[in-house]
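Below is one structure, written out as structure tokens, with a few remarks after it.
Chains as they are written, first to last, in my numbering: chain A, 1 to 577; chain B, 1001 to 1577.
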């Protein structure tokens, strides 16, 4: 067995059967192995950033993901996606094909290079955004692959492996290594006892759920804990719908003072907060101030846990949850609960409004749907929403890199070809990564893509303090026509009224192909909830750190971008005539 | 004056009047200043990578370029473009808006972050791909801006400046610093004397020109040197057309053994090689072996020069060229010269061929055109071409990052709105960055975009050793329809025969708008020259480092990508009927 066979087959062993990326001059040996291994396949993307996002979306569904890039140009193009996966605990490996060790050592002229001894520069960049990184050579190949895959499996964070052309083909032992890890039994017992003791004497415990529950594969143990304990439960936004929203003890999503005040109240009054798999970030945990000390409570993470400030390491979230579920004494807890979700939608012939858009979507979603929602106005729109049971809602609320959603959902579709995938994206975010629509057609996926077209970066119009700044405008395009420029099974339409949005959603239900809806709203239209949140953020910002300098007159106003003309399109024949 | 006013006005002083980028939550103060400074404007792009390429293309025309990104997500998305600018000596500054120093120091939850103390991680990544990088704070802001801009102006390489929200608004002295530098007069005299002595006793001197001549602003001094000295001159591919190809002593582009054998012969036989502004890389200097020692001759670079192995530092290329032109004794030199360029094109009703494509383009180009050519089959196509005088040919032949060309040409158009910009891109490369077509419309540019549509990564089909590997396929699309999905003045067409390509080029000459031509060739079609080059590279590779592993049968062949069906598009009304 050679090095690349070993790496690919071991990735396949932990569940990675699809590899995203772009071919390049130095990664052919990796690509051949992926094509030729009977259990793996290659998924070509339009560019590396999108491939990285696709691997992230794939990993969110299947546990682990992989992207393959080429030296320099390819790897650096994917680094932002890897950083996003790092921030949000999504294990994606970046496999980089590099020139041969001989070429690198001799520093003979080759392309994708600086003409300098730069071979360690790119791995250095990746050391900042991965849990571990290795540049394979003839002595370390097997050791480093095994070391990194162990970290990958344990930490659920990205890793980076650079494979020179010649090292890829070098023979190594095919002796399998066990990548899994087990909780330290003594620590596990201690932490479980500490938690059970703490819960048993609590009067008003509250569970706060978040996204790392899914990422550390502990959803079933968590649900069991929630059901058996009877403790009221809330979640941060990224942890939405891990708990069935119809569950009797479910309080709703924590939205600080912007909504669901019962949740805020429950958090404020609890004498025993149990957070499980939280990610703190103003957009996920709502606001810069959290109403409790982050680790001075029961805080259960993937590989470690805090109980009132004391840290217990090398204990699995799933093990802790399973054991405390068995040990705690259940008792009835009192809590207040409000109605969840948007009110039923009321259609009209009026211009499509955000209020209608989100309330109608709430009715549209079904159990087992996989919903990918872009950060920005859309996550503000879904925050107060009620979702059906088992509907998987994915957002990227800590890293917040616009453009993530569509390629990530492409990856999710490759991982789950039978699921109904629904993509909600803003127009500005869509323009970042829109080309991947074509690969959805190419690979036979049938997602429903909804572009909330509000003519620019609406959230930035609100946050920057000047709704009319030119920098918040984007280029205009006919999205429905754009979608139809890709070869494949795709239906697209543009809607501008509530009624037509309703009709378009109905059409998607009978279409067995990619559906693409350009849903036009006013550029400043927002739900009431989003308005309140954004006004508050803006108020805090403008008073502090953002300040518009005084406008001075431009020499010339050469870039009118709002009213540029649509041209008439003629064929060669028409022009000749 | 505050920090951001100081930075922007000083960039404007060295010629940067347009700033490319994407707005983000932490860069509003930068954007406001750009909007409000009377001499600068904001150019919004669809994503950061494209914005970085646009700044690169802008700098190639105007000397310096700038891209503005936001913390984490934005800056990491542009790093590959910055690395490309670094490799090819294109001075682009990446200005990054970051959270305030207070937010970073307190490590309170905020988005675009890792929830870890990561504020120095991203600058670390950039230290690997820039000449200098700085994170501004209250003590160093002015000092660091001045230090970095001096390096920027001298080295003509990218720099990175992170500006926290609060530091942007901090008052500093507006005392101007001189960023220019002068040659060390003693060293200059020594190196000029050494060069003149060497040339004066040479019988068969040859000048080898390359792209750094333009990048260090020494074109006029160089041309003067070539004309007055009468020394025969050749160039590497990126240095194409710096010397007028009709100039009597112009030998043609150096293409090693693949073409123009007289050039190879002249280089082999010279007793005095004078290279000016060279970049070595297999794709630029043709082949991994250069037939001379890189520094053991007269090698003039932007800020230093070698004469027979001795290095002279802090001397400007332009100063050296000016002085040696005055001092050398001109004499007649003998040399052999062959005919340059493709033979006249002969149109036909046959399928469009690469042979016709390039010979026809050769006739189409005019003096003063700015031509941006993508790396790959296209640079192989233009390598043997003859260009009219003063036609500017831009390629990215060392870094070779596919997708560079279209956004780079967008930047060139912003820098030179009156020039005729011609973009030659392959289909695979185009899919990487195609969305920027829309911004060309938005900003009123009128480039001619020619997509060489050969249904995949043709050059990788040749280099990987298996023309039919699935990984070299790409998604299918209707490019002409795609172009028309953008709002703006655009004409697009698809051509499949020589005759129709000819007609399309004629149409572009009467169109006063963006012209976009989808030029379809066979997926393996190449010019004779390209075939010879690629066969050779492939031969060297396959025998060495690339090896196809044995094909094993797939469990299922689930991704047929070649023959997927085009759907019928229906409006909502048709579906309801």
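Cβ atoms here follow ideal geometry from the backbone N, Cα and C, with glycine treated the same way.
| query | result |
| --- | --- |
| I need the straight-line Cα distance from residue 1311 of chain B to residue 1191 of chain B, nearest angstrom please. | 9 Å |
| For residue 509 of chain A, return the contacting residues in chain B, with the cut-off set at a CB-CB distance below 7 Å. | Those within 7 Å of residue 509 of chain A in chain B number zero; the least Cβ separation is about 11 Å. |
| Give every residue of the same chain whose Cβ lies closer than 7 Å to the Cβ of residue 1056 of chain B, excluding the five residues on either side of it in the sequence, and list them in chain order. | 1065, 1081, 1084, 1085, 1090, 1092, 1408, 1411 |
| To be precise: take each residue of the stretch 419–439 of chain A, compare its Cβ to all Cβ atoms of chain B, and keep it if any distance is under 8 Å. Which residues remain? | 431, 432, 433, 434, 435, 438, 439 |
| Tell me the DSSP secondary structure of residue 1100 of chain B in three-state form. | coil |
| Near residue 1486 of chain B, what residues of its chain come up, given a Cβ to Cβ distance below 7 Å and the 5 sequence neighbours on each side ignored? | 1437, 1438, 1441 |
| Run through chain D and tell me which residues come within less than 9 Å of residue 512 of chain A, C-beta to C-beta. | Absent from the structure: chain D. Protein chains present are A and B. |
| Comparing C-alpha positions only, which one of B:1374, B:1385, B:1537 sits nearest to residue 1423 of chain B? | B:1374 |
| Take residue 112 of chain A and list the residues in its own chain whose beta-carbon comes closer than 6 Å to its own, dropping the five residues that flank it on each side. | 71, 72, 73 |
| Looking at C-alpha atoms only, which residue of A:337, A:447, A:214, A:39 is the closest neighbour of residue 259 of chain A? | A:337 |
| Whole angstroms are fine: how far does the CA of residue 1402 of chain B sit from the CA of residue 1475 of chain B? | 16 Å |
| Of all the alpha helix (DSSP H) runs that stay within the bounds of the stretch 50–119 of chain A, which reach a length of 4 or more residues? | 73–87, 101–106 |
| Under 9 Å Cβ-Cβ, which residues of chain A neighbour residue 1281 of chain B? | 109, 110, 111, 112, 113, 115 |
| Mind checking whether residue 67 of chain A and residue 51 of chain A have CB atoms under 7 Å apart? | yes |
| Residue 283 of chain A and residue 204 of chain A look like a contact to me (Cβ under 8 Å); what is the Cβ gap, rounded to whole Å? | Between residue 204 of chain A and residue 283 of chain A the Cβ distance is about 28 Å, and since that is not below 8 Å, they are no contact. |
| Kindly indicate the opening and closing residues of the beta strand (DSSP E) around residue 275 of chain A. | 272–276 |
| How would you write the range of the beta strand (DSSP E) that residue 1134 of chain B sits in, first residue to last? | 1132–1135 |
| On the DSSP bridge list, what partners appear for residue 1209 of chain B? | B:1235, B:1276 |
| Taking residue 258 of chain A as the query, report the chain B residues whose CB atoms sit under 7 Å from its CB, ordered along the chain. | The contacting residues do not exist; residue 258 of chain A stays about 16 Å from chain B at best. |
| Going along the chain, which residues of its own chain have a beta-carbon closer than 7 Å to the beta-carbon of residue 1202 of chain B, five neighbours each way excluded? | 1271, 1272 |
| Reducing DSSP to helix, strand and coil, say where residue 1164 of chain B ends up. | strand |
| Please look up how many angstroms separate the CB atoms of residue 1242 of chain B and residue 1249 of chain B, rounded, as I've assumed it's under 8 Å. | Actually they are not in contact, since the Cβ atoms of residue 1242 of chain B and residue 1249 of chain B sit about 14 Å apart, beyond 8 Å. |
| Can you say whether residue 1182 of chain B is buried or exposed, counting buried as having 16 or more other CB atoms within 10 angstroms of its CB? | exposed |
| Buried or exposed, going by whether 16 or more other CB atoms sit within 10 Å of the CB of residue 1018 of chain B? | buried |
| Determine, using beta carbons only, whether residue 1498 of chain B and residue 1347 of chain B come nearer to each other than 7 Å. | yes |
| With a cut-off of 7 Å, does the C-beta of residue 1248 of chain B fall near any C-beta of chain A? | no |
| Express the C-alpha separation of residue 1170 of chain B and residue 1038 of chain B in angstroms, rounding to a whole number. | 21 Å |
| DSSP three-state label for residue 398 of chain A, please. | coil |
| Please state whether DSSP places residue 483 of chain A in a helix, a strand or coil. | helix |
| By Cβ distance below 6 Å, which residues in the same chain neighbour residue 1395 of chain B in space, the five residues on each side in sequence not counted? | 1238, 1373, 1379 |
| Could you give the residue range of the beta strand (DSSP E) that holds residue 1032 of chain B? | It is not in any beta strand (DSSP E) - residue 1032 of chain B instead sits in the alpha helix (DSSP H) that spans 1028–1036. |
| Based on Cα-Cα distance, which residue from A:524, A:512, A:156 lies nearest to residue 445 of chain A? | A:512 |
| Is residue 1148 of chain B helix, strand or coil by DSSP? | helix |
| Near residue 129 of chain A, which residues of its chain fall below 8 Å by C-beta distance, leaving aside the five closest residues on each side in sequence? | 79, 82, 83, 86, 158 |
| Is residue 519 of chain A near residue 450 of chain A, with beta carbons less than 7 Å apart? | yes |
| Quick test of your reading: residue 517 of chain A and residue 496 of chain A, contact by CB under 8 Å. State the CB separation rounded to the nearest angstrom. | Wrong, their Cβ atoms sit about 11 Å apart, outside the cutoff. |
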